[in-house]
Ligand SMILES: Cc1cc2nc3c(=O)[nH]c(=O)nc-3n(C[C@H](O)[C@H](O)[C@H](O)COP(=O)(O)OP(=O)(O)OC[C@H]3O[C@@H](n4cnc5c(N)ncnc54)[C@H](O)[C@@H]3O)c2cc1C
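In our numbering, the protein residues as written are 10 to 403.
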């Protein structure tokens, strides 16, 4: 049986179905699968990527495009720095938009500022560059001046990519590399040693990597359950950015700080949670991370909230969206933000740790990022997979 590839609407040109065996078969053309394909191709391996959809439409195109390096801690911090180098390499090769634009954390209280100062003490003044309230207001392009801004910190090691473009561009570039085949519109139904069973017949490979994010439970329910994988749903919107908001840096706020261990592990971390609980309980009710990033076309991505469960109901509460938009507008010192698109993002989440790396059969490994940092870690995970430094469970 032959394997057909992309129709004209798909991002990559049609490719011949793979003949014979590849060194590596990757299931899933999200950023985790594609970063592995990129890294494998660089190492001279033959690779087949099998994706059920006709283009990347999963978590990898629905996010902020923020490679949130500095806010990680421990093993994740190390992986994030490796990923940073991989992203820049991939951008150079494929032409995808990536900017060493950093992130700006906006502090609106003395406690928020204290967390940033503590992080600077830990990481150094080059990695966490404190900003005055005037500098932060200017970077945000706030019409009304400083407002309640206390100060902030610029994190120059963070990266920005355009999530709408990054995975599709990378897939397109990979599909024209001599050793890579990207097979679209092909569902994987099961895997055994050396064989991937698809809706279009078997695909053979010496090694198989399942990079299917939260949908691991559709193929290996037991492995997903043992890691406690859930679906995390996020509310997102795209708005027309205020004219004066021109920075490419990702903008983070107090609720963002509550979500990353780099900040929460600081001595003032617990006090920050108490403070936000006191003044913005409604944001904590929807598990908000109020942040935004500007796209190259002048629109901005605004989000997000988090709701957890084994399935992802499609219905979005308008009140959640309004809450997030109002909170972002407040930071920008802007009036009502004009929304041009809304969507729901879904990613894999687990209370048991940020990564599932599990060997399911000889030569068959599942790899899902089980917290909202898959863009940040993707290329670092790929590098670690190929130098065998990623600890897997059996
Ligand atoms: C709203 C939102 C905001 C986020 N913000 C950030 C951020 O700023 N920074 C950051 O680091 N991370 C962020 N994340 C998290 C990040 O987007 C994810 O961790 C990452 O994209 C996961 O990549 P992935 O390749 O594993 O998953 P996906 O992109 O979901 O890709 C998985 C692919 O596998 C395919 N697939 C599944 N099952 C099968 C099958 N049986 N056969 C064939 N194909 C299959 C799917 O179709 C899909 O294309 C955010 C996520 C969301 C939703």
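Even glycine gets a Cβ: it sits at the ideal position worked out from N, Cα and C.
Apply the 10 Å Cβ neighbour rule to residue i and answer buried if 16 or more other Cβ atoms are within range, or exposed otherwise.
{"i": "residue 448", "result": "Any question about residue 448 goes unanswered here, given that the chain covers just 10 to 403."}
{"i": "residue 335", "result": "exposed"}
{"i": "residue 158", "result": "buried"}
{"i": "residue 235", "result": "exposed"}
{"i": "residue 15", "result": "Its pLDDT being 37, under 50, residue 15 is placed unreliably by the model, and the measurement read from it follows with that caveat. Classification for residue 15: buried."}
{"i": "residue 22", "result": "A caution first: residue 22 carries a pLDDT of 46, below 50, which makes its placement in the model unreliable, though a value can still be read off. By the 10 Å Cβ count, residue 22 comes out exposed."}
{"i": "residue 185", "result": "exposed"}
{"i": "residue 45", "result": "buried"}
{"i": "residue 224", "result": "buried"}
{"i": "residue 400", "result": "exposed"}
{"i": "residue 131", "result": "exposed"}
{"i": "residue 298", "result": "buried"}
{"i": "residue 249", "result": "exposed"}
Rounded to whole angstroms, what is the Cα-Cα separation between residue i and residue j?
{"i": "residue 98", "j": "residue 171", "result": "15 Å"}
{"i": "residue 300", "j": "residue 230", "result": "33 Å"}
{"i": "residue 10", "j": "residue 209", "result": "Per-residue confidence for residue 10 stands at a pLDDT of 31, beneath the threshold of 50, marking its modelled position as unreliable; the derived number appears in the next sentence. If I take the Cα positions, the gap works out to 7 Å."}
{"i": "residue 178", "j": "residue 144", "result": "35 Å"}
{"i": "residue 367", "j": "residue 151", "result": "47 Å"}
{"i": "residue 79", "j": "residue 87", "result": "10 Å"}
{"i": "residue 262", "j": "residue 100", "result": "28 Å"}
{"i": "residue 240", "j": "residue 318", "result": "5 Å"}
{"i": "residue 255", "j": "residue 190", "result": "39 Å"}
{"i": "residue 188", "j": "residue 116", "result": "48 Å"}
{"i": "residue 333", "j": "residue 52", "result": "43 Å"}
{"i": "residue 375", "j": "residue 390", "result": "12 Å"}
{"i": "residue 137", "j": "residue 164", "result": "5 Å"}
{"i": "residue 252", "j": "residue 105", "result": "25 Å"}
{"i": "residue 47", "j": "residue 58", "result": "11 Å"}
{"i": "residue 180", "j": "residue 222", "result": "17 Å"}
{"i": "residue 72", "j": "residue 354", "result": "7 Å"}
Can you find a heavy atom of ligand 1 that lies under 7 Å from the Cβ of residue i?
{"i": "residue 206", "result": "no"}
{"i": "residue 201", "result": "no"}
{"i": "residue 75", "result": "yes"}
{"i": "residue 270", "result": "no"}
{"i": "residue 171", "result": "no"}
{"i": "residue 275", "result": "no"}
{"i": "residue 385", "result": "yes"}
{"i": "residue 56", "result": "no"}
{"i": "residue 67", "result": "yes"}
{"i": "residue 196", "result": "yes"}
{"i": "residue 91", "result": "no"}
{"i": "residue 184", "result": "no"}
Can you round the beta-carbon distance between residue i and residue j to whole angstroms, since I take them to be within the 8 Å contact cut?
{"i": "residue 403", "j": "residue 378", "result": "Actually they are not in contact, since the Cβ atoms of residue 403 and residue 378 sit about 20 Å apart, beyond 8 Å."}
{"i": "residue 246", "j": "residue 351", "result": "5 Å"}
{"i": "residue 398", "j": "residue 41", "result": "Actually they do not touch by this definition, with Cβ atoms about 16 Å apart."}
{"i": "residue 140", "j": "residue 162", "result": "6 Å"}
{"i": "residue 384", "j": "residue 74", "result": "7 Å"}
{"i": "residue 243", "j": "residue 314", "result": "6 Å"}
Check whether the Cβ of residue i lies closer than 7 Å to any heavy atom of ligand 2, and answer yes or no.
{"i": "residue 38", "result": "Inclusion of ligand 2 in the displayed structure is not the case, the ligand content consisting of ligand 1 alone."}
Does the stretch 326 to 333 touch the stretch 216 to 228, meaning 3 or more C-beta pairs lie closer than 8 Å? With fewer than three CB-CB distances shorter than 8 Å, the stretch 216 to 228 does not count as touching the stretch 326 to 333.
Is the stretch 268 to 284 in contact with the stretch 107 to 125, if contact means three or more CB pairs nearer than 8 Å? Contact holds: three or more Cβ-Cβ distances are below 8 Å.
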